[in-house]
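What follows is a short report on a single structure.
Numbering (the numbering used here), first residue to last: 20 to 387.
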């Protein structure tokens, strides 16, 4: 870190059991962040893993605003929409998924934050996805019924962010100030809030596109919470990178395309940065996942998961990089949140079809 560091480091707490998989590099990044000027407290979630310059899966409170602690995908988050569909046949649904790499023209009624129309209604790369899933188990009957969810119900899970808008905002800062603080916090926050709104709009547009394409009826979201953001909380800047607000919010904590995900009720306090985990968290680097995956699996094996769901992904490299084995066990992450009193599981979901990127190659038998 090139800029001034405080004489004493902030406190660091990692909310994970001793047996949980937490890389030492991620903990080291938490301590590097804790040494930044103005930093008060760093809370590591049980899905903590190393990021570019700052840990992913952390909530960081400071008297100074650091844009790089939010990162480039400002407003990235996960929305869950209940859907009604007569029959959820994975093969049929997978074949009807729209190409979510192609942007949509904004409707006249859409208020486009920052006027940014590029990439509108697109999913992006990396760990972003859109998934038709079914409620597998109800874990808190009262809370689930309040949300209108019961076993067997179908939901659309949309994980994406502000695409190029967030990148543009971070780049404008880092080109001049690097990893240093925002010289004008108000100006950064205004741009940040636009990107957060854009992320919400982007997730809604994708949900509408998918529902329309597969002939499903779309309900109002039961949750739509972003996990890359900064807010002013108790008079300080609370940065979240790969951590979701966990103070009275319902949050979908994503597993992998071949495992459960969990909708939880968050009730995290200040020690945890009022936050909960956002997913299973990577266990392997992308390069490792690619190398190991190619030695063990064929592309076709990765298109159908152990739970019988299908994966729509035309990018072979991405199929390997995002393999379920590249991630930590979601049950361990949820267990750590529960044991630390940060969250209560409401329902678990299982994938039916997970979309990563369009598969435009003709299938055998001429089907696309």
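By construction, the Cβ of each residue, glycine as well, lies at the ideal position given by its N, Cα and C atoms.
My guess is that residue i and residue j are in contact by the Cβ rule of under 8 Å, so how many angstroms apart are they, rounded?
| i | j | result |
| --- | --- | --- |
| residue 217 | residue 94 | 6 Å |
| residue 8 | residue 308 | Nothing in the structure corresponds to residue 8, since the chain is present only between 20 and 387. |
| residue 273 | residue 298 | 4 Å |
| residue 70 | residue 247 | With a Cβ gap of about 11 Å, residue 70 and residue 247 do not count as contacting. |
| residue 77 | residue 261 | 7 Å |
| residue 192 | residue 249 | Not quite, the Cβ-Cβ distance comes to about 12 Å (not below 8 Å), so this is no contact. |
| residue 66 | residue 288 | Not a contact, Cβ separation roughly 19 Å. |
| residue 98 | residue 365 | Between residue 365 and residue 98 the Cβ distance is about 15 Å, and since that is not below 8 Å, they are no contact. |
State the beta-bridge partners of residue i as determined by DSSP.
| i | result |
| --- | --- |
| residue 244 | 97 |
| residue 279 | Answer is none; residue 279 lacks a bridge partner. |
| residue 81 | 58, 256 |
| residue 148 | 178 |
| residue 369 | 153 |
| residue 364 | 283 |
| residue 68 | 75 |
| residue 301 | 346 |
| residue 292 | According to DSSP, residue 292 bridges with nothing at all. |
| residue 38 | DSSP lists no partner for residue 38. |
| residue 33 | 63 |
| residue 103 | 236 |
| residue 376 | 332 |
Could you tell me the distance, in whole angstroms, from the CA atom of residue i to the CA atom of residue j?
| i | j | result |
| --- | --- | --- |
| residue 291 | residue 64 | 8 Å |
| residue 203 | residue 209 | 10 Å |
| residue 259 | residue 368 | 25 Å |
| residue 116 | residue 122 | 14 Å |
| residue 109 | residue 103 | 15 Å |
| residue 345 | residue 276 | 11 Å |
| residue 197 | residue 32 | 27 Å |
| residue 376 | residue 221 | 16 Å |
| residue 25 | residue 113 | Because residue 25 carries a pLDDT of 43, less than 50, the predicted location of this residue cannot be relied on, and the following value inherits that uncertainty. One C-alpha to the other measures close to 52 Å. |
| residue 378 | residue 330 | 10 Å |
| residue 305 | residue 371 | 24 Å |
| residue 363 | residue 357 | 6 Å |
| residue 35 | residue 285 | 16 Å |
| residue 189 | residue 132 | 16 Å |
| residue 126 | residue 136 | 11 Å |
| residue 374 | residue 28 | 42 Å |
| residue 124 | residue 142 | 15 Å |
| residue 39 | residue 134 | 43 Å |
| residue 158 | residue 354 | 13 Å |
| residue 37 | residue 156 | 28 Å |
| residue 73 | residue 87 | 8 Å |
| residue 92 | residue 75 | 12 Å |
| residue 327 | residue 337 | 20 Å |
| residue 382 | residue 120 | Below a pLDDT of 50, predicted positions are generally treated as unreliable, and residue 382, at 45, falls in that range; the measurement from the model is reported next regardless. Near 19 Å, if we compare the C-alpha coordinates of residue 120 and residue 382. |
| residue 251 | residue 269 | 20 Å |
| residue 361 | residue 153 | 25 Å |
| residue 340 | residue 186 | 22 Å |
| residue 173 | residue 271 | 14 Å |
| residue 106 | residue 184 | 37 Å |
| residue 181 | residue 214 | 6 Å |
| residue 22 | residue 51 | Caution applies to residue 22, whose pLDDT of 34 falls short of 50 and renders its modelled position unreliable; the value that the coordinates give is listed next. Near 12 Å, if we compare the C-alpha coordinates of residue 51 and residue 22. |
| residue 232 | residue 257 | 39 Å |
| residue 237 | residue 219 | 16 Å |
| residue 151 | residue 100 | 10 Å |
| residue 49 | residue 128 | 43 Å |
| residue 323 | residue 317 | 11 Å |
| residue 254 | residue 245 | 21 Å |
| residue 61 | residue 335 | 37 Å |
| residue 47 | residue 200 | 21 Å |
| residue 111 | residue 145 | 25 Å |
| residue 205 | residue 321 | 46 Å |
| residue 332 | residue 359 | 36 Å |
| residue 310 | residue 303 | 10 Å |
Tell me whether residue i, by its Cβ, gets closer than 7 Å to a heavy atom of the ligand COA.
| i | result |
| --- | --- |
| residue 165 | For the ligand COA, the structure offers nothing, since it holds no ligand at all. |
I want to see whether chain D comes within less than 8 Å of residue i, judged by CB atoms only; does it?
| i | result |
| --- | --- |
| residue 188 | Protein chain content of the structure displayed is limited to a single chain, and chain D is not contained in it. |
- Check whether the stretch 223-242 touches the stretch 173-186, taking contact to mean three or more Cβ pairs, one atom from each stretch, closer than 8 Å. yes
- Query: What are the start and end residues of each continuous beta strand (DSSP E) run of 3 or more residues lying completely inside the stretch 226-275, in chain order?
  - Reply: 242-245, 247-252, 255-260, 262-264, 266-272
- Task: List in chain order: all unbroken beta strand (DSSP E) runs of 3+ residues lying wholly within the stretch 150-221.
- Result: 173-179
- Query: Taking three-plus beta-carbon pairs below 8 Å as touching, is the stretch 345-364 in contact with the stretch 277-287?
  - Reply: yes
- Task: Report yes or no: do the stretch 76-90 and the stretch 43-57 share at least 3 C-beta pairs separated by less than 8 Å?
- Result: yes
- Query: Is the stretch 259-270 touching the stretch 294-312 in the sense that three or more CB pairs, one from each, lie closer than 8 Å?
  - Reply: yes
- Query: Would you call the stretch 151-168 and the stretch 233-241 touching, i.e. three or more CB-CB distances under 8 Å?
  - Reply: yes
- Complete alpha helix (DSSP H) runs within the stretch 303-359 (minimum length 4 residues, chain order): 305-315, 318-322, 335-340, 349-358
- Item | Uninterrupted alpha helix (DSSP H) stretches inside the stretch 106-143 (no shorter than 4 residues) | 109-115
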